[in-house]
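So the sequence shown is residues 4 to 361, counted in the working numbering.
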Amino acid sequence: MGCGVGAFMNGARWAAAALIACVAAAAALEVRSETAARLRDGKPLTGLLSIRHEGQEGVTPPALYMAAAGPRGGSLDLVRIPPDFPVFERGPGGEAINLRTLADVYGQAYGPDRRLDRADETIEEAALTMLQSDPAWPEERGGPFRDSDRPAALDFHLRLSVGAGARPGFPREMRRLLADRLEDPLFWPRFAADAPALRARERAGRGAYELLLLARDFRRLSPARLRLSELTDPALSHRLLARVFARAAGAPEPEGPVDAEVLNGTDSDGLALKATRLLRLRGFDVVHFGSTRPLEHTTRFLDRAGNADGAAAIAHSLGCAAPEVVTALEARPRAAVTVVLGQDFASCRALAETAERP
Numbered sequence: 004m005g006c007g008v009g010a011f012m013n014g015a016r017w018a019a020a021a022l023i024a025c026v027a028a029a030a031a032l033e034v035r036s037e038t039a040a041r042l043r044d045g046k047p048l049t050g051l052l053s054i055r056h057e058g059q060e061g062v063t064p065p066a067l068y069m070a071a072a073g074p075r076g077g078s079l080d081l082v083r084i085p086p087d088f089p090v091f092e093r094g095p096g097g098e099a100i101n102l103r104t105l106a107d108v109y110g111q112a113y114g115p116d117r118r119l120d121r122a123d124e125t126i127e128e129a130a131l132t133m134l135q136s137d138p139a140w141p142e143e144r145g146g147p148f149r150d151s152d153r154p155a156a157l158d159f160h161l162r163l164s165v166g167a168g169a170r171p172g173f174p175r176e177m178r179r180l181l182a183d184r185l186e187d188p189l190f191w192p193r194f195a196a197d198a199p200a201l202r203a204r205e206r207a208g209r210g211a212y213e214l215l216l217l218a219r220d221f222r223r224l225s226p227a228r229l230r231l232s233e234l235t236d237p238a239l240s241h242r243l244l245a246r247v248f249a250r251a252a253g254a255p256e257p258e259g260p261v262d263a264e265v266l267n268g269t270d271s272d273g274l275a276l277k278a279t280r281l282l283r284l285r286g287f288d289v290v291h292f293g294s295t296r297p298l299e300h301t302t303r304f305l306d307r308a309g310n311a312d313g314a315a316a317i318a319h320s321l322g323c324a325a326p327e328v329v330t331a332l333e334a335r336p337r338a339a340v341t342v343v344l345g346q347d348f349a350s351c352r353a354l355a356e357t358a359e360r361p
């Protein structure tokens, strides 16, 4: 019996020693971890999301999104980088030369050899280089893409595949895509598999821990707090990116009156006028209403001035419970918000009730 007790005590001591060693190792990793420091300081996590449509490989480039995750609020800002967005190379004197679009970059890299992986990497690098050239890009994320000898340019880099008919550029579908991903019981191993840009950090012995922290933080994201934006004009990129990073860091939305224009993208005559009357009745200034072609399937609210909350307020006034709000800045917008009424307008209860009246 004495031997049994002694063996048990020795085992307990070994277990305690192992536990202490694990805690010490975790503490050391926490101190050394770049990601842990950013999470503690409440700084946004920056990333690149590359979405490939199945069956379209080599035909169309992957859909690229810059990501800014707010670690304290569970928010996620995604900025769509359209394939026709211009990028350029720097000359010997720092001047912009060889202006091309991202689609041109992709097509040239794909080439006659059909090098799909090379094409994906090349367009991702070109997009990130363009983003990093903007003063709004975080200083500590200024290192070259995938250069492990300098500060990492990204906190995470994910590649996803979706069906050919998916429309991730619409908030509702992107929320569904993210919700499915976050609810997947295999999320953590797949997160590790989809984060190739982080593997360079394994050389410093921190790769697995960084991935663990990021996966844990992604689990806390709320798809309902997803905000979508789109780069529309190189001259407005700095303004949009500065707003996105400020919002991810917890800065409030700008306040003030919001005006709107209403465009009817349906075959229901007079719908824009009825929506205009409803919005004016609820205190919003509508500066223009009319129609748009071709017909639109989805009702959308385009934030033209950098006030997504204002666009959402207009949507809720029309009774839209889950509005499709996208920030797409314009240099001289006719109104702060463009309301595009689609064939699904009946999902906005107040508007549907108004539309039924003569």
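For each residue, glycine too, the CB sits at the ideal point set by N, CA and C.
Given the structure is predicted, the values throughout are model-derived calculations rather than measurements.
- By alpha-carbon distance to Val-82, the top candidate from Leu-354, Leu-234 and His-241 is Leu-234.
- Residue burial is scored here from C-beta neighbours: Ala-308 has at least 16 other C-beta atoms within 10 angstroms and is therefore classed as buried.
- Straight-line measurement puts the Cα of Leu-298 at about 30 angstroms from the Cα of Leu-163.
- The alpha-carbon separation between Tyr-113 and Gly-166 amounts to approximately 21 angstroms.
- The criterion of a C-beta distance shorter than 7 angstroms is not satisfied by Leu-282 and Thr-341.
- Counted as a single uninterrupted DSSP element, the beta strand (DSSP E) harbouring Thr-49 occupies residues 48-56.
- Per the Cβ contact rule, the segment 123-141 is in contact with the segment 45-58 (3 or more Cβ pairs under 8 angstroms).
- Every alpha helix (DSSP H) of 4 residues or more that sits fully in the segment 207-242 is shown, in chain order, as 210-222.
- If you draw a straight line from the Cα of Pro-64 to the Cα of Thr-330, it is about 22 angstroms long.
- Membership of Asp-107 in the alpha helix (DSSP H) is indicated by the continuous run 105-113.
- At the C-beta level, Arg-246 and Gly-77 stay beyond 7 angstroms of one another.
- When the beta-carbon positions are compared, His-300 and Glu-264 stay at least 7 angstroms from each other.
- Contact between the segment 268-280 and the segment 173-190 is absent: fewer than three C-beta pairs spanning the two stretches fall below 8 angstroms.
- Membership of Ala-311 in the alpha helix (DSSP H) is indicated by the continuous run 311-320.
- Taking C-beta separations shorter than 6 angstroms and ignoring five residues to either side along the sequence, the partners of Ala-353 in its chain run Leu-321 and Gly-322, following chain order.
- Contact between Glu-256 and Asp-312 holds, since their C-beta atoms are separated by about 4 angstroms, short of 8 angstroms.
- In chain order, Thr-104, Leu-105 and Ala-106 place their CB closer than 8 angstroms to the CB of Asp-87, counting only its own chain and leaving out the 5 sequence neighbours on each side.
- Between the C-alpha atoms of Ala-254 and Lys-46 there is a straight-line separation of about 12 angstroms.
- The C-beta separation of Arg-303 from Glu-327 comes to about 5 angstroms, placing the pair in contact by the 8 angstroms criterion.
- By the neighbour-count criterion, in which a residue is buried when 16 or more other Cβ atoms sit within 10 angstroms of its Cβ, Ala-130 is buried.
- In the structure shown, the three-state DSSP call for Phe-159 is strand.
- In the three-state DSSP reduction, Pro-89 falls in the strand class (E or B).
- When secondary structure is reduced to three states using DSSP, Arg-121 falls in the helix class.
- By the CB criterion at 7 angstroms, Ala-71 and Ala-251 fall inside the cutoff.
- For the 7 angstroms CB-CB criterion, Leu-266 and Gly-286 do not form a contact.
- Spatial neighbours of Ser-240 in its own chain (CB-CB distance under 7 angstroms, excluding positions within 5 residues in sequence) are listed in chain order as Asp-137 and Leu-234.
- Spanning the alpha carbons of Val-90 and Met-69 requires a straight line of approximately 15 angstroms.
- Per DSSP, the continuous alpha helix (DSSP H) segment holding Leu-181 begins and ends at 174-186.
- Where Thr-301 is concerned, there is no enclosing alpha helix (DSSP H), because DSSP gives it neither an H nor an E.
- Using a 10 angstroms sphere on the CB of Ala-334, the tally of other CB atoms stays under 16, which defines it as exposed.
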